[in-house]
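Per the numbering used here, the very first residue in the sequence shown carries number 2; after that it's consecutive. Where is the CB? At the ideal position from N, CA and C, for every residue including glycine. The structure displayed is predicted, hence computed values, not measured ones.
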Amino acid sequence: MRGLARALGVEPMSLYHYAASRDEIVGALVDRVVEQIELPMPDEGWKAAIRSCAISAHRVLRRHPWACNPLMSGPRISPARLRMVDALLATFEAARLPPDLADLAYHAIDSHILGFTLWEAGYTRGMPALTGDDLTAFLERLGIDRYPHLKTHAEWHLGPHDGPRQDEFEFKLDLILDGVDQMRDRTPTQSDGPAR
């Protein structure tokens with residue numbers, strides 16, 4: 002609250018003239034964040050629409066990682082968040098996913114967006130700040146030689162790479178979407194009758 006007041010050039014207690022509680026202020030800020038997320042476009046194929054929305058959500062939440070926890074645990078669900086959830090579910094419905102698969106798919110996408118963003122925010126505060134001798138000393142303090150597979154993995158991360166690496170968020174997102182697509186193709190819809 003002090004940081005917000007400082008950014009607005011006011012005293013912290015004056016914020017409560019405009020809102021009844023800290024939760025109300027945080028909720029309004031989360032609304033503003035979620036409103037920036039692009040919703041799935043109905044004219045795209047379902048995978049492309051979900052993919053675009055998820056990438057947009059990740060990009061927005063990367064700029065505001067503090068918003069992930071209130072999104073998951075806030076005392077209220079914002080209208081912007083409800084619109085996003087509804088749009089994702091509508092896209093899964095248009096793709097003719099059975100309700101149980103749509104539920105699993107939605108939760109997989111949502112947990113990937115929020116979980117990956119939090120995971121990424123945690124790592125960007127620590128490891129990338131270490132370079133050169135500091136990183137070597139850190140790995141030695143871990144006793145990295147006792148973990149040969151982890152050591153090989155760390156050396157791969159530290160070594161030179163040919164060309165740009167595939168975006169990790171999008172790689173995992175594609176795994177989820179491809180898996181849902183395969184399950185959709187194996188699961189008959191109610192109108193299809195029994196599988197043959």
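Three-state secondary structure (DSSP) at residue 87?
Residue 87: helix per DSSP, three-state reduction.
Rounded Cβ spacing between residue 26 and residue 57 (contact assumed at less than 8 Å):
Not quite, the Cβ-Cβ distance comes to about 25 Å (not below 8 Å), so this is no contact.
Pairing CB atoms from the region 43-53 with CB atoms from the region 69-81, are three or more of them under 8 Å?
No, they do not touch.
Could you compute how far the alpha carbon of residue 89 sits from the alpha carbon of residue 168?
A direct Cα-Cα distance of roughly 22 Å separates residue 89 from residue 168.
Please return the same chain residues whose Cβ sits closer than 6 Å to the Cβ of residue 193, not counting the five positions on each side in sequence.
Note that residue 193 has pLDDT 49, beneath the 50 cutoff, so the model's placement of it is unreliable and no number is given.
Quick check: what's the CA-CA separation for residue 65 versus residue 186?
So the two alpha carbons sit approximately 37 Å from each other.
Determine contact between the region 95-108 and the region 143-150, defined as no fewer than three beta-carbon pairs at a distance below 8 Å.
Contact between the region 95-108 and the region 143-150 is absent, because fewer than three Cβ pairs lie under 8 Å.
Look at the alpha carbon of residue 142 and the alpha carbon of residue 158, and state the distance between them as a whole number of angstroms.
Cα to Cα, the separation comes out at about 18 Å.
May I ask which residues mark the beginning and end of the alpha helix (DSSP H) holding residue 47?
Counting along the chain, residue 47 sits inside the alpha helix (DSSP H) bounded by residues 47-64.
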